Amino acid sequence: MVVAVFILLFLELIQIHCKIPTTLDGPFDPVTVSLDENFRGNAIDLPDSDPRVQRDVSGFEPEQISVSLSSTHDSVWISWITGEFQIGDNIKPLNPKSVASVVYYGKLRFPMHRIATGKSEVYSQLYPFKGLKNYTSGIIHHVRLTGLDPDSQYHYKCGDPSIQAMSRILHFRTMPVSSTHSYPGRVAVVGDLGLTYNSTSTIDHVTRNSPDLILMVGDLCYANLYLTNGTGSDCYPCSFPNTPIHETYQPRWDYWGRFMQPLISRIPIMMVQGNHEIEEQIHGQTFTSFTSRFAFPHKESGSSSPFYYSFNAGGIHFVVLGGYAAYGKTDDQYKWLQRDLANVNRDVTPWLVATWHPPWYTTYTAHYREVECMRVSMEELLYQYGVDIVFNGHVHAYERSNRVYNYTLDPCGPVHLSVGDGGNREKMATIHADEHGNCPEPSTTPDDFMGGFCAQNFTSGPAAGKFCWDRQPEYSAYREASFGHGILEVKNDTHALWSWHRNKDMYNETGDQIYIVRQPERCPVQPQYPLRFQLETAPYIIRQIIMKPSKMIRGDEAVCCSKILDPLDMGASGITGPVPVPVPGVSPGSLPYRGVAPDGGVVELGVVMLVGVVDVIPDETPPPAELKKIKRCECF
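When the letters of the sequence shown are read in order and numbered with mature numbering (1 follows the signal peptide of the UniProt record, and there is no 0), they come out as residues -18 to -1, 1 to 618.
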């Protein structure tokens, strides 16, 4: 009996000792974990000769295969490359039409009886200066698979069957359907990965954690730390100041794709633009490699740019923003963000997660308050719609904030998580802006690419009148310089477990862990679009009624459909309500429709309906005389 009581007390003590804190226990006193000098070492890139980055296929067989999500669970993108890249003075791009883009796929344990075709392209990175080498890629293929069931295993192979150039059979799992009860098991969050020996450790740890989805928050392969001849440098600011243009060594992209294929050919990965992807060319081209090599669900989510888009993963709505795309309140990105957030149904996707590369809240001198203009422009909007979590990279260390808004502790603000510690060759960030003598000059902080200056001295709080705090800021809950990655596990509609893992630890150890708790009753979000219906949880009904017509309400007049769009543009979910802001071509009181399609495409402004939509173009609206001829509209 005594032994049993002792065991129970011992187990209770262990439970108390191991209790994972929640954000309800906060705000937490700031914690800094000192740098482990024995572990830092050098971040050395993998050499070209490493077997993990060498081409292991022949001819036009597929390589660098990856899976990425569309905007909803029933569609994914498969991407790959065929043919070899060329680098040198005289290069001739491959013909993208010379090789077909085909994917055979089907549910696991069933035949791959479905076939999808897609598009292909080739890009070039050109440096028309004496002594510099040009680059042209292999043929890049993107194919969208549609009509997929939620939370299901599929197998596939990609390539061109007409020339017997197909990949081996691979597999992936779709996301669960969006609801308050279904979530991906684990979302891995990785930033500033690079292609070093530290990067390999990060990916090894990620793989051991068995994620269902990977969020790559910018700065992938660091090709821009190299000259076109393959000579490398340790950091971007100090590299090659005397060259006529900032060079890159594009084969590093191919090496990165080969290294990552074993993981991302089966686990969907979603990309965020980072500053190391800018890769300027003459005539102003930027981000060519990034936008060519990966598929983005921007069109499906109503965006005109791959730099900002959204997607659902079960009951999580992810918003990906571009820290290096115009973000002012009159710019397209901001307007898109307004529309996207207004259409989020928190009864279907209760969790709202935003991500972009450069952090708004960092206490390291590296990139301190660098994108303050972006914060000033967008933070209020994210707060208004109750964003729960923000993921960033850029700063090569780990940092977790308390809930914060406008530099002030706020129980309704998001938790900001900076995970730019993936292992790249620029090494760790170790210096804090709040330590004596380390505060940067304000004029040195703005990002050179975006321009603008918004980082003024604080006007309130303990740092009022200063540009930096003189101690670790109260909004910074935990910071540590160590290579690693994070795992997000959403448990239900109010609790999500966040775990940060160091590379130097055992696979199952955590360096920082907390339950992030939503409080919708304390922090209510009032949607600007009153929800009328939401069919994301009933995808099978949609296919039965997808071709039925609908109507648009414009004032007191009902305008019937004049045409049905292609099924690839049909909507699978609908949200209606008064137009919250002036929209060109739509009169006040109209009921706009925004739908995410089951088989592709998004209609941002259309008719109020269940499924099936028409374009709303003022010049094509039937005149009043024609409206009188309409006797009946079938609507839902």
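Where is the CB? At the ideal position from N, CA and C, for every residue including glycine.
On a predicted model such as this, the values are computed, not experimentally measured, just so you know.
* **Lys473 versus Pro502: straight-line alpha-carbon distance, rounded** => 16 angstroms
* Asked: Quick one: what's Met252 bridged to in DSSP?
  -> Leu197
* Asked: Looking at Gly305 and His339, is the spacing between their C-beta atoms short of 8 angstroms?
  -> yes
* Asked: What separation, rounded to the nearest whole angstrom, lies between the Cα atoms of Gln68 and Arg248?
  -> 28 angstroms
* Around the Cβ of Thr273, are there at least 16 other Cβ atoms within 10 angstroms (buried) or fewer (exposed)? -> buried
* Limits of the beta strand (DSSP E) - the one that Phe449 falls within -> Per DSSP, Phe449 belongs to no beta strand (DSSP E) and is neither H nor E.
* Those residues which DSSP pairs with His477 across a bridge -> Val499
* To do: Please check the pair Asp194 and Asn257, which I expect to be a contact at CB under 8 angstroms, by giving their CB distance rounded to whole angstroms.
  => Contact flag wrong, Cβ pair sits at about 28 angstroms.
* Which residues mark the beginning and the end of the alpha helix (DSSP H) in which Lys317 is found? -> 314 to 324
* Any 3 or more C-beta pairs closer than 8 angstroms across the segment 110 to 121 and the segment 62 to 80 -> yes
* To do: Report, in whole angstroms, the separation of the C-beta atoms of Ser57 and Arg150, which I expect to be a contact under 8 angstroms.
  => Not really, about 23 angstroms apart at Cβ, beyond 8 angstroms.
* **Buried versus exposed, by CB contacts within 10 Å (16 or more), Glu362** => exposed
* By a C-beta neighbour count over all protein chains shown, 10 Å radius and 16 as the cutoff for buried, is Ala554 buried or exposed? -> Bear in mind that the predicted position of Ala554 carries a pLDDT of just 30, short of 50, making it unreliable; the figure below should be weighed with that in mind. Classification of Ala554: buried, given that the 10 Å Cβ count is 16 or more.
* If we ignore side chains and look at the alpha-carbon of each, how far apart do Ile264 and Thr213 end up? -> 21 angstroms
* Quick one, are the C-beta atoms of Gly8 and Asn384 less than 8 angstroms apart? -> yes
* Apply the 10 Å Cβ neighbour rule to Asp186 and answer buried if 16 or more other Cβ atoms are within range, or exposed otherwise. => exposed
* To do: From the DSSP output, in three-state form, read off Val353 for me.
  => coil
* To do: Report the rounded CA-to-CA distance for Asn374 versus Pro132, giving the unit in angstroms.
  => 28 angstroms
* Asked: Just checking my contact of Ile371 with Ile246 at CB under 8 angstroms: how many whole Å lie between their CB atoms?
  -> Wrong, their Cβ atoms sit about 22 angstroms apart, outside the cutoff.
* To do: Could you check how far apart the C-beta atoms of Ser161 and Val330 are, in whole angstroms? I think they sit under 8 angstroms.
  => 6 angstroms
* To do: Please report the Cβ distance between Phe293 and Ser53, rounded to the nearest whole angstrom; I am assuming they are in contact, meaning their Cβ atoms lie under 8 angstroms.
  => 5 angstroms
* **Cβ-Cβ distance between Gly376 and Asp403 below 8 angstroms** => Strictly speaking, residue 376 in this sequence is His, with Gly absent from that position. Not closer than 8 angstroms, so no.
* Do you know offhand how far Glu491's Cα is from Ser400's? -> 19 angstroms
* Asked: According to the Cβ coordinates, are Leu175 and Met198 closer than 8 angstroms?
  -> yes
* Asked: For Trp286, which of helix, strand or coil comes out of DSSP?
  -> The residue asked about is misnamed: residue 286 is Ser in this sequence, not Trp. Looking at Ser286 - three-state DSSP - the assignment turns out to be coil, as it is neither helix nor strand.
* Asked: Are the beta-carbon atoms belonging to Thr427 and Tyr350 less than 8 angstroms from one another?
  -> yes
* Tell me whether the beta-carbon of His153 lies closer than 8 angstroms to the beta-carbon of Tyr165. => no
* To do: Verify the contact flag: Val15, CB atom, against every heavy atom of the ligand FMN, threshold strictly below 7 angstroms.
  => Here there are no bound small molecules, and the ligand FMN is not part of this structure.
* Could you please give the first and the last residue of the uninterrupted alpha helix (DSSP H) stretch that includes Phe300? => Counting along the chain, Phe300 falls outside any alpha helix (DSSP H), though it belongs to the beta strand (DSSP E) covering 298 to 302.
* Asked: Can you tell me the Cα-Cα spacing of Arg382 and Asn180, whole angstroms?
  -> 22 angstroms
* **Reduced DSSP category for Ser164 - H, G, I as helix; E, B as strand; rest coil** => strand
* To do: Provide the residue span of the beta strand (DSSP E) that contains Thr210, from first to last.
  => Unbroken run through Thr210: none, as it is neither H nor E.
* To do: Could you pull out every unbroken beta strand (DSSP E) segment of at least 3 residues lying fully inside the segment 372 to 450, listed in chain order?
  => 380 to 383, 397 to 401
* Give the secondary structure of Phe465 by DSSP, where H, G and I count as helix, E and B as strand, and everything else as coil. => coil
* The beta strand (DSSP E) with Ile246 in it runs from where to where? -> Taken as a continuous stretch (DSSP letters only), Ile246 belongs to no beta strand (DSSP E), being part of the alpha helix (DSSP H) at 233 to 246.
* To do: Classify His124 as helix, strand or coil using the three-state DSSP reduction.
  => strand
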